[in-house]
Amino acid sequence: MTTIAVPASEPQIAELLGDPGGAEALATSLYKAATPFETFGERASDERLISGWKGYAYEAYRDAAGSAGPEHEAMHQSVRRVARAVTFYADTLQTLKRDRDDLRDRKQRLDADRTGLLADIEAADDASASTIADLQARARDLTSRYRDLITDHDSWCRRVTDNEDQLRQSFASAKGLNGALSATGGATQDATDAMNEPGAPGGGSTPAEVKAWWDGLSAEERAAVTAAYPETIGSADGLPASARDDANRILLDDDLATLGDKEADGTLTADEKMQLANARAARDGLHRAESYVDPTTGAKPGGTLWLYDPTAFDGDGRVAVAVGDMDTADDVAVFTPGIKSEMTDTDFYTDKMTNVYESARYNGDGSSVAAMFWLGYDAPSGPTDPATLTEGRAEDGGRRLSDALDGLRASRPDEAHLTAIGHSYGSTTTAYAASEDDFAADDVVLIGSPGAGPAENADELSVGSGHVYVGRDSRDGVAMLGDEGWVGKGPIGLGTDPSSEDFGATRFEAEDVDRSSLPNFGDAHGSYLDDDTESLYNIGKIVDGHGDDVEEAEQSYDPWYSGAVDPEWDRDPTANEPGRSETGPDAT
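If you count the sequence shown from 1, position 250 lands on 250 in full-length UniProt numbering, and the numbers rise without skipping.
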């Protein structure tokens, strides 16, 4: 008699206690509770010295205010640290809830397959050898799948316990004024110990050293440092995008709650007003990224807050928001914008990243994609800003961009195809980054460029001329500013025109189908990432790793006997040439 071993139906999926919404509400309350400590501490410090008041009473007041200020500031930081720990707990709880739903669904499918197998075995009297073999194979497969489910469920249970323990330790470490005034400032011992280990960020460690440090931490230590030191973790090059995202969401929630409360009671300063506007813009951009649905699969690729610093650059802010999984995507694009770009533009540029993502997915080979808007440098504020006519901001931004891409490359366990895209002044910034040795990107795309900065030809960029691509609308007034052959544009340009014959890059078609008859600085300069454009189609091909398949355009040139010539001026542009796939959310 043949025996077929059917596995038991296990495990019983554990319940998840706790409500993410309730935890978020508690965090908001704690952020608000921390604000009065900060306000009182500032007031006490500001009013220690009162003109004209002398005597013993004044000296007693001065001493009391002198100690009250630091004590209240310490309590502010301690309560705020606990609030951030609760935010992290709530975010983790939400993830655990989604993962539990997945475990439950897997269990239901397994149980259905098990029921079907038992029914088939019951009906298999006098079955043939091949039928018995098939039933045995199904039982073995079912056993393996149940075993995997048990392993994943055990891991999930440990994560639940770790999340609870981390929050408990945060509460325990912040008991009273003594804890706030201690050397750790109310941070848990796990967090302070981990941040003192070699390779920790914030001490001059390289991205590779930071990654090795992170890889060596336990899950509990990672949670502890994220909750206790989100400013450091959120901007640390070399850390996984998911870790930076966790930390930056804590900072974002802190700002939204704390500054929103100040706005409501009328105590918001001018600087804080700018900070709150930046925080809300980051929130809106992140929401757009998270809400985006991949039309090829119907799934949501998700959003990542990779960089968040709303007070940087005199209030312009630093921010990076990605569409797709930066840790696992096969193809990754990083886009650097140009002048007038500020943190309040986050939602606008996030929309452009969904276009890049979609073009690479529609017109690509099926590889997974992530596209990130990166504003990590101080972009000039507009055409009248003197910095617009110089390359200083681009040079500084290029170093920052190169460091960011080094960190992104180091943070991943495997190699991604990485494309750096720069628009307008951001193209000059990208050219500066690409001129550095060991630049991390595989391909460089310069669009609407006023000049390629330090590079006189594509070979001077570290990716090599075969991996430098240029998009220039023939009506784009900004792209006419670069030096071209015999024509030197002097102080109005920012280097050599990368679309020119002398530069030697691969120029792709980038005409606007609705282009005007005259050069302009509007649509011709700002439509490179718009839906259903030649430019977006070709950029999607490059991001997907198939730059050889772009629709090439003739390079501009400057004969000695006349002015510069752009062969694209007379070509009729099309939104979708034969063989091109539709792009955009309404495509079918």
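Yeah, the Cβ is synthetic: ideal placement off N, Cα and C, and Gly gets one too.
Starting from residue 593, trace the beta strand (DSSP E) both ways and give me its first and last residue.
Residue 593 cannot be examined here, being either before or after the span of the chain that is shown, 1 to 588.
Exposure label - R249; buried when at least 16 CB within 10 Å:
The count along the sequence shown starts at 1 and reaches residue 249 at position 249. By the neighbour-count rule (16 or more Cβ atoms within 10 Å), R249 is buried.
C-alpha gap between A90 and R84, whole angstroms
For the purposes of this step, residue 90 is taken as residue 90 along the sequence shown, with counting starting at 1. For the purposes of this step, residue 84 is taken as residue 84 along the sequence shown, with counting starting at 1. For A90 and R84, the distance between alpha carbons rounds to 10 Å.
Taking the alpha carbon of D215 as the reference point, which residue from Y229, A243 and G203 has its own alpha carbon closest?
Working through the sequence shown from its first residue, we reach residue 215 at position 215. That would be A243, whose Cα lies nearest to the Cα of D215.
So R475 and R515 are in contact, right, with Cβ under 8 Å, and what is the actual spacing, rounded?
To locate residue 475, count along the sequence shown from 1; it is residue 475. To locate residue 515, count along the sequence shown from 1; it is residue 515. Between R515 and R475 the Cβ distance is about 5 Å, and since that is below 8 Å, they are a contact.
Out of A129, Y56, R409 and G426, point me to the one whose CA is closest to S418's CA.
In the sequence shown, counting from the first residue as 1, residue 418 sits at position 418. The question names Ser, but residue 418 in the sequence shown is Leu. It is R409 whose Cα lies nearest to the Cα of L418.
What's the C-alpha gap between D254 and I4?
Looking up residue 254 in the sequence shown gives position 254. Looking up residue 4 in the sequence shown gives position 4. Spanning the two alpha carbons is a distance of roughly 57 Å.
With a threshold of 8 Å, are at least 3 pairs of Cβ atoms found where one atom belongs to the stretch 190-200 and the other to the stretch 118-138?
no
With DSSP collapsed to three states, give me the class of L181.
The sequence position of residue 181 within the sequence shown is 181, counting from 1. Note that L181 has pLDDT 44, beneath the 50 cutoff, so the model's placement of it is unreliable and the number below is only indicative. Three-state DSSP puts L181 in a helix.
Would you list the residues sitting across from L307 in a DSSP beta bridge?
The residue you call residue 307 lines up with position 307 of the sequence shown. A320.
Spatially closest choice to residue 672 from L529, T95, N278 and V210, by CA coordinates
No information on residue 672 is available, as it lies outside the stretch 1 to 588 that the chain covers here.
Check whether the Cβ atoms of A379 and S341 sit closer than 8 Å, and answer yes or no.
As a working mapping, residue 379 is identified with position 379 in the sequence shown. As a working mapping, residue 341 is identified with position 341 in the sequence shown. The answer is yes: Cβ separation under 8 Å.
Those runs of the alpha helix (DSSP H) which lie wholly inside the stretch 502-542 and span at least 4 residues:
523-526
May I have a chain-ordered list of the alpha helix (DSSP H) segments no shorter than 4 residues that lie completely inside the stretch 129-208?
129-173, 176-181 and 189-195
Whole angstroms is fine: what's the gap from P7's alpha carbon to R104's?
Along the sequence shown, read from residue 1 onward, the residue named residue 7 stands at position 7. Along the sequence shown, read from residue 1 onward, the residue named residue 104 stands at position 104. When rounded, the distance between both Cα atoms is 17 Å.
Please look up how many angstroms separate the CB atoms of L93 and R159, rounded, as I've assumed it's under 8 Å.
Locating residue 93 in the sequence shown gives position 93, counting from the first residue. Locating residue 159 in the sequence shown gives position 159, counting from the first residue. Rounded, the Cβ-Cβ distance is 10 Å, inconsistent with contact.
Pick from A441, P198, L494 and G422: whose alpha carbon is nearest that of T390?
Residue 390 sits at position 390 when you count from the first residue of the sequence shown. Comparing Cα positions, the closest option is L494.
Range of the contiguous alpha helix (DSSP H) that encloses G453:
As a working mapping, residue 453 is identified with position 453 in the sequence shown. Run containing G453: none; DSSP gives neither H nor E here.
Going by other Cβ atoms of all chains shown within 10 Å of its Cβ, with 16 needed for buried, is F88 buried or exposed?
Locating residue 88 in the sequence shown gives position 88, counting from the first residue. That one is buried.
Assuming G238 and L251 make a contact with CB atoms under 8 Å, what is their CB distance in whole Å?
Translated into positions along the sequence shown, residue 238 becomes position 238. Translated into positions along the sequence shown, residue 251 becomes position 251. Going by Cβ atoms, the distance from G238 to L251 rounds to 19 Å, so no, they are not a contact pair.
Tell me the DSSP secondary structure of S291 in three-state form.
Residue mapping note: residue 291 aligns to position 291 of the sequence shown, counting from 1. Note: S291 maps to helix in three-state DSSP.
Over what stretch of residues does the alpha helix (DSSP H) that includes A420 continue unbroken?
Numbered from its first residue, the sequence shown carries residue 420 at position 420. Premise fails: A420 lies in the beta strand (DSSP E), H417 to H423, not in any alpha helix (DSSP H).
Would you please state the rounded distance, in angstroms, between the beta carbons of residue 601 and G540? I believe it to be under 8 Å.
Look at the range of the chain in this structure, 1 to 588, and you will see that residue 601 is not part of it.
In this structure, what does DSSP give as the bridge partners for D483?
If you number the sequence shown from 1, residue 483 lands on position 483. Beta-bridge pairing links D483 to T496.
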